[in-house]
Amino acid sequence: MLNLSVKLCSNASWIILIIAGLFEVVWAVGMKYTEGFSRLIPSIYTITAMFIIFGLLSMAIRIIPIGTAYAVWTGIGVVGTAMLGILLFHEPATLFRIVCIVVILSGIVGLKLANHF
40 MLNLSVKLCS
50 NASWIILIIA
60 GLFEVVWAVG
70 MKYTEGFSRL
80 IPSIYTITAM
90 FIIFGLLSMA
100 IRIIPIGTAY
110 AVWTGIGVVG
120 TAMLGILLFH
130 EPATLFRIVC
140 IVVILSGIVG
150 LKLANHF
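Counting from 1 along the sequence shown, just add 39 to a position and that's the residue number in my numbering.
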């Protein structure tokens with residue numbers, strides 16, 4: 040029974056961490072829309088996302104090792120922000136850039152799998 044509850048906590052922590060990573064993307068992209076925090080509504084969304092990020096990240100690191108959690112969190116942020124930069128802001132989608140995104144994603148998956156060994 041104890042193993043099941045630990046597994047549920049671990050899975051929930053990973054879900055929380057992924058959500059925190061997605062809010063990291065919202066925060067990073069939101070920074071672009073704030074125009075140096077000179078626009079009120081985008082600034083409110085961006086600051087709110089920042090507070091949500093830190094709350095969720097602090098919950099996730101109760102179970103997930105901090106080094107792993109931080110790497111995964113920033114990785115999700117980097118990949119998501121890079122992808123939205125390409126889609127929303129027409130940043131270049133060069134082969135090298137795509138390969139780098141895939142390498143980061145591979146590292147995120149590897150860190151998740153490393154918790155099982």
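Even glycine gets a Cβ: it sits at the ideal position worked out from N, Cα and C. As the structure is a computational prediction, the values presented were derived from the model and not from experiment.
Three-state class that DSSP yields for residue i in the structure shown
i, result
"Glu34", "Not covered by the structure: residue 34. The range shown for the chain is 40 to 156."
"Arg136", "helix"
"Phe76", "coil"
"Pro104", "coil"
Residue from the options whose Cα sits closest to the Cα of residue i
i, options, result
"Val55", "Ala88, Gly94, Ser82, Gly114", "Contrary to the premise, residue 55 reads as Ile rather than Val in this sequence. Nearest option by C-alpha distance: Gly94."
"Thr113", "Ala51, Val64, Ser49", "Val64"
"Val148", "Ile86, Ile115, Ser52", "Ile115"
"Val111", "Leu152, Val68, Gly69", "Leu152"
"Gly69", "Ile86, Ile57, Ile58, Gly60", "Ile86"
"Ala51", "Gly119, Leu96, Val141", "Leu96"
"Gly60", "Thr107, Ser77, Ala132, Glu74", "Thr107"
"Tyr109", "Ile57, Cys48, Ser49", "Ile57"
"Val141", "Ser82, Ala121, Ile80", "Ala121"
Nearest-angstrom beta carbon gap, residue j and residue i [assumed within contact, 8 Å]
i, j, result
"Ile91", "Val117", "Going by Cβ atoms, the distance from Ile91 to Val117 rounds to 18 Å, so no, they are not a contact pair."
"Trp66", "Met98", "That belief does not hold up - the Cβ atoms of Trp66 and Met98 are roughly 17 Å apart, past 8 Å."
### Query
For the 8 Å Cβ check, are there 3 or more pairs between the region 99 to 106 and the region 122 to 139?
no
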